[in-house]
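**Student:**
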Amino acid sequence: MKKFLALTLTLVMVLSLAACGGKKAETPAAPAEENKEPAAAAQTEIVWWAFPTFGVDSGYEQELADAFMAANPDVKITVETIDFQSGPDALTSAITAGTAPDILFDAPGRIIEYGNAGNLVALDDMIADLKGDLSSESLLQTCVGADGSYYMYPISSSPFYMGLNKEMLEKADALQYVNLEGDRTWTTENFVKMCEALRDAGVCMTPGIVYCGAQGGDQGTRALVNNLYSGSIVGSDGKWNVGENGVKALELLKSMYDNKSIDAGFSMAAADELQQFQQETCAMTFCWGTSNAKSYATEDYTQISVPFPSDDGKPELEYLVNGFCVFDNGDDAKAAAAKRFIAFICDDAEWGPKSVVQTGAFPVRASFGNLYEGNDEMSLLSSWSQYYGPYYNTRAGFAAMRPLWFNMLQQVFNGTPAQEAADAFNSGANG
Numbered sequence: 011m012k013k014f015l016a017l018t019l020t021l022v023m024v025l026s027l028a029a030c031g032g033k034k035a036e037t038p039a040a041p042a043e044e045n046k047e048p049a050a051a052a053q054t055e056i057v058w059w060a061f062p063t064f065g066v067d068s069g070y071e072q073e074l075a076d077a078f079m080a081a082n083p084d085v086k087i088t089v090e091t092i093d094f095q096s097g098p099d100a101l102t103s104a105i106t107a108g109t110a111p112d113i114l115f116d117a118p119g120r121i122i123e124y125g126n127a128g129n130l131v132a133l134d135d136m137i138a139d140l141k142g143d144l145s146s147e148s149l150l151q152t153c154v155g156a157d158g159s160y161y162m163y164p165i166s167s168s169p170f171y172m173g174l175n176k177e178m179l180e181k182a183d184a185l186q187y188v189n190l191e192g193d194r195t196w197t198t199e200n201f202v203k204m205c206e207a208l209r210d211a212g213v214c215m216t217p218g219i220v221y222c223g224a225q226g227g228d229q230g231t232r233a234l235v236n237n238l239y240s241g242s243i244v245g246s247d248g249k250w251n252v253g254e255n256g257v258k259a260l261e262l263l264k265s266m267y268d269n270k271s272i273d274a275g276f277s278m279a280a281a282d283e284l285q286q287f288q289q290e291t292c293a294m295t296f297c298w299g300t301s302n303a304k305s306y307a308t309e310d311y312t313q314i315s316v317p318f319p320s321d322d323g324k325p326e327l328e329y330l331v332n333g334f335c336v337f338d339n340g341d342d343a344k345a346a347a348a349k350r351f352i353a354f355i356c357d358d359a360e361w362g363p364k365s366v367v368q369t370g371a372f373p374v375r376a377s378f379g380n381l382y383e384g385n386d387e388m389s390l391l392s393s394w395s396q397y398y399g400p401y402y403n404t405r406a407g408f409a410a411m412r413p414l415w416f417n418m419l420q421q422v423f424n425g426t427p428a429q430e431a432a433d434a435f436n437s438g439a440n441g
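Counting in my numbering, the sequence shown runs from 11 upward without gaps.
1) Does the distance from the C-beta atom of residue 111 to that of residue 104 stay below 8 Å?
2) Excluding sequence positions up to five away, which residues of its chain have a Cβ less than 8 Å from the Cβ of residue 281?
3) Mapping DSSP to helix, strand and coil, what is residue 35?
4) Compute the Euclidean distance between the alpha carbons of residue 333 and residue 362, then round it to the nearest angstrom.
5) Are residue 321 and residue 240 touching if we call contact CB-CB under 8 Å?
6) I need the DSSP call for residue 422, collapsed to helix, strand or coil.
7) Note down, in chain order, each residue of its chain lying with its Cβ closer than 8 Å to the Cβ of residue 232, except the 5 sequence neighbours on either side.
8) Which same chain residues, not among the five before or five after residue 343, have their C-beta less than 6 Å away from its C-beta?
9) Exposed or buried, residue 273, counting other C-beta atoms within 10 Å across all chains shown (16 or more means buried)?
10) Using a Cβ distance threshold of 8 Å, determine whether the stretch 426–441 contacts the stretch 249–257, with at least three qualifying pairs required.
11) Between 114, 270 and 66, which lies nearest to residue 335 when the distance is taken from Cα to Cα?
12) Suppose you measure from the CA of residue 440 to the CA of residue 178; what does that come to, to the nearest Å?
13) How many Å lie between residue 132 and residue 286 at the Cα?
14) Where residue 108 and residue 102 are concerned, what is the direct C-alpha to C-alpha distance, given to the nearest angstrom?
15) If you draw a straight line from the alpha carbon of residue 394 to that of residue 193, how long is it in whole angstroms?
16) Can you list, in chain order, the residues of its chain whose CB lies under 8 Å from that of residue 256, leaving out five sequence neighbours each side?
17) Tell me whether the beta-carbon of residue 87 lies closer than 8 Å to the beta-carbon of residue 121.
18) Counting Cβ pairs, one atom from each stretch, are 3 or more of them under 8 Å apart for the stretch 302–312 and the stretch 167–182?
19) Name the residue from 301, 422 and 347 whose alpha carbon lies nearest to the alpha carbon of residue 391.
20) If we require 3 or more residues per run, which beta strand (DSSP E) segments fall completely within the stretch 108–135?
21) Note down, in chain order, each residue of its chain lying with its Cβ closer than 7 Å to the Cβ of residue 374, except the 5 sequence neighbours on either side.
22) Buried or exposed, going by whether 16 or more other CB atoms sit within 10 Å of the CB of residue 190?
23) Taking only three categories from DSSP, how would you classify residue 53?
24) Using only alpha-carbon positions, find the residue among 277, 292 and 288 that is nearest to residue 270.
25) Cutting at 7 Å between CB atoms, please list the residues of its own chain near residue 424, excluding the five before and the five after it.
26) Of the choices 82, 69, 224 and 385, whose alpha-carbon is the least far from that of residue 349?
27) If you reduce the DSSP assignment to three classes, tell me which class residue 294 lands in.
28) Run through the stretch 219–250 for me and flag every whole beta strand (DSSP E) of 3 or more residues, listed as ranges in chain order.
29) I'd like to know whether the C-beta atoms of residue 64 and residue 289 end up nearer to each other than 8 Å.
30) Taking 8 Å as the threshold (C-beta atoms), are residue 378 and residue 78 in contact?
31) Which residue wins for smallest C-alpha separation from residue 156, given the options 306, 75 and 124?
32) At the level of alpha carbons, what is the spacing between residue 216 and residue 357?
33) Would you tell me roughly how many angstroms separate the C-alpha atoms of residue 307 and residue 92, rounded to the nearest one?
And the structure:
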């Protein structure tokens, strides 16, 4: 019995040892490598559509994008340039298709329209930081939508005005009617005399062209009509309105068309008229501005900048504001990256002033100071901010009003009584 029990105990001990020996000890996890590089952060990709406000084929947009991406590797920017002719339709199609860009560089008219339609991200936080540094508080009117939210972040501003061919006016003895002193304000009476002198001298095919074939650059013809007899495109009730003084201006232009001291560009937009001015077919342009002066520069003659003529010699000028907006594409990361990029372009100590100068306009930030020291022409243009008129491009119905405007001009030049054409415009624009 004792031998049996000893044998049994021995077998149990052997089996126990076998069981323990058959299980391998777990190897502890190796410690993480201290020098292992962290995984690369995910990039946020955004698309920027830009009208050629920085200049046609300047490459400046890509230069900006490259500089920002070098300092912000977490963002990738794709730059796409669009033109003023096909660009608006391309934007409309993209918005409808849900493929809108993340950033647009444009003017307030279209931007605020997109904001009012619910397509944009509000930029109130950015504007809050800008308010204390604006060169003019009126600039805020250009950035705000119907709901009180700010949808555009401005970078620069400049007036619209007229351009004259100095040598052509000298040959026609018409320069005597142009004020070249001080701020160069002048009268409707002298404008008419200048055009008649140019006509009589025969130094060009036509003194000037009131283009009315499309809406491109239509701010020039509106400024002409509104200033001749101190009219306004917006009535005291806030509605679109070509009133008594506007009708008087239309009648004057029709009489000048009839006596050949001006021409009507029935198939022309501003770009076509500007080419005619550049090629010396006409002696003046009604759509001159700092950006146009850059794009249509010529060494064949001396270009003179003048404000629009008015009956009282005190013009009300329309003005351009360049700015950015961010489309609401349902992605907070894209919107945040877009806002960072916009702030880099507009506010950076190096790239902000450089970008303003690239637009050929004047900074909206007072702290940027005078970026054109020693340039008499730019100093003159800057002084015309005192003549800025009410900004109406962001008013409700602006886009619908524009085709009605050039249609009205066509009707007047084709013989429709000015009052009848104005009544049709007023009814359609407010319909």
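Cβ coordinates follow ideal geometry from the N, Cα and C atoms, glycine included. Small disclaimer: the values here were computed from a predicted structure and weren't measured.
**Tutor:** So, to answer that:
1) Taking 8 Å as the Cβ cut-off, residue 111 and residue 104 qualify as a contacting pair.
2) The beta carbon of residue 281 lies closer than 8 Å to those of 94, 95, 226 and 227 in the same chain, with the five residues before and after it left out.
3) Bear in mind that a pLDDT of 37 at residue 35, under 50, signals an unreliable position, so the number given afterwards is only what the model happens to contain. DSSP places residue 35 in the coil class of the three-state scheme, outside both helix and strand.
4) One C-alpha to the other measures close to 12 Å.
5) Taking 8 Å as the Cβ cut-off, residue 321 and residue 240 qualify as a contacting pair.
6) Per DSSP, reduced to three states, the secondary structure at residue 422 is helical.
7) Non-local beta-carbon contacts of residue 232 in its own chain, meaning distances under 8 Å to residues more than five positions away in sequence, involve 243, 328 and 415 in chain order.
8) Closer than 6 Å at Cβ, skipping near neighbours: 54.
9) Buried, by the Cβ-count rule.
10) Yes, they touch.
11) Nearest of 114, 270 and 66 to residue 335, Cα basis: 114.
12) Cα to Cα, residue 440 sits roughly 42 Å from residue 178.
13) Approximately 41 Å, taken between the alpha carbons.
14) Computed Cα separation, rounded: 10 Å.
15) Approximately 7 Å between the Cα atoms of the pair.
16) Cβ neighbours of residue 256 within its own chain (closer than 8 Å, five residues either side excluded): 235, 236, 239, 241, 242, 243 and 432.
17) No. Outside cutoff.
18) Segments in contact, yes.
19) When each option's Cα is compared against that of residue 391, the closest is 301.
20) List check, beta strand (DSSP E) in window: 113–116.
21) Only residues of its own chain outside the window of five on either side were considered, and among them 144, 145, 149, 164, 165, 166 and 167 have a CB closer than 7 Å to the CB of residue 374, listed in chain order.
22) Residue 190 counts as exposed, since fewer than 16 other beta carbons sit within 10 angstroms of its beta carbon.
23) In the structure shown, residue 53 sits in coil (DSSP, three-state: anything other than H, G, I, E or B).
24) Comparing Cα positions, the closest option is 292.
25) Nothing meets the Cβ criterion.
26) Among 82, 69, 224 and 385, the Cα nearest to that of residue 349 is on 82.
27) DSSP places residue 294 in strand when its eight states are reduced to three.
28) As far as the stretch 219–250 is concerned, its whole beta strand (DSSP E) runs of at least 3 residues are 219–221.
29) In this structure, residue 289 does not lie closer than 8 Å to residue 64 by Cβ.
30) For residue 78 and residue 378, no; Cβs fall outside 8 Å.
31) When C-alpha distances from residue 156 are compared across 306, 75 and 124, the shortest belongs to 124.
32) Each residue's alpha carbon lies about 45 Å from the other.
33) Using only the alpha carbons, I get a separation of about 21 Å.
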